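**Q** First, the structure itself, so that you have it in front of you.
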Amino acid sequence: MEFWGVEVKAGQPLKVNPGNAKILHLSQASLGECKSSKGNESVPLHVKFGDQKLVLGTLSTENFPQLAFDLVFEKEFELSHNWKSGSVYFCGYKSVVHDEYPFVFPAAQSLHYVNFFR
């Protein structure tokens, strides 16, 4: 397991590739230093996975400057936001995929791994 973190600058979507035989656990997003004092701004966070672009959550400069996640990615994805007053920082960790991932249960053949992003 290794720490992972990135800065996503305003107007610059960032592609993230977990790497071969690795998965990325996205754990937290937080606002960086604010360059202007416009008051309470809402900052939607987006993830693009394949052809789908989804909202992960919304940060707020006054009320919710950070947001916790428990998301796992095994393929390339893209992070973005529309906050013009600064950067958003994402962090988490990478893990090596073991043979038992995605959770093989030999005794229960009726259980299947479901990937909702295909």
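Quick note on numbering: numbering that gives the first Met the number 0 labels position 48 of the sequence shown as 47, and the sequence is numbered without any gaps.
Don't be surprised by glycine CBs; every beta carbon is placed ideally from N, CA and C.
As the structure is a computational prediction, the values presented were derived from the model and not from experiment.
So for glutamate 1, helix, strand or coil by DSSP?
**A** In this structure, glutamate 1 counts as strand in the three-state DSSP scheme.
**Q** Nearest to valine 71 by CA position, among Ser94, Gly31, Gly10, is which residue?
**A** Ranking the options by Cα distance to valine 71, first place goes to Ser94.
**Q** Rounded to whole angstroms, what is the Cα-Cα separation between valine 54 and cysteine 90?
**A** Cα to Cα, valine 54 sits roughly 17 Å from cysteine 90.
**Q** Would you kindly work out how many angstroms separate the C-alpha atoms of threonine 57 and glutamate 6, rounded to a whole number?
**A** Each residue's Cα considered, the two are about 17 Å apart.
**Q** With a Cβ-Cβ cutoff of 9 Å, do lysine 83 and alanine 9 count as a contact?
**A** Yes, the Cβ-Cβ distance between lysine 83 and alanine 9 is below 9 Å.
**Q** Grouping DSSP H, G and I as helix and E and B as strand, with all else coil, what is threonine 57?
**A** Note: threonine 57 maps to strand in three-state DSSP.
**Q** Closer than 9 Å, CB to CB, is serine 86 near chain D or not?
**A** Of the protein chains in this structure there is only one, and it is not chain D.
**Q** Keeping to the same chain, check which residues put their C-beta closer than 8 Å to that of tyrosine 92; ignore five residues upstream and five downstream.
**A** If we look at tyrosine 92 and ignore the five residues flanking it on each side, its Cβ neighbours are Met0, Glu1, Phe2, Trp3, Leu23, His24, Ser26.
**Q** Near proline 43, what residues of its chain come up, given a Cβ to Cβ distance below 6 Å and the 5 sequence neighbours on each side ignored?
**A** Val54, Thr57, listed in sequence order.
**Q** Rounded to whole angstroms, what's the CA-CA distance from lysine 74 to lysine 21? Just pull it up for me.
**A** So the alpha carbons of these two residues sit roughly 9 Å apart.
**Q** Where glutamine 65 and glutamine 11 are concerned, what is the direct C-alpha to C-alpha distance, given to the nearest angstrom?
**A** Going from the Cα of glutamine 65 to the Cα of glutamine 11 covers about 20 Å.
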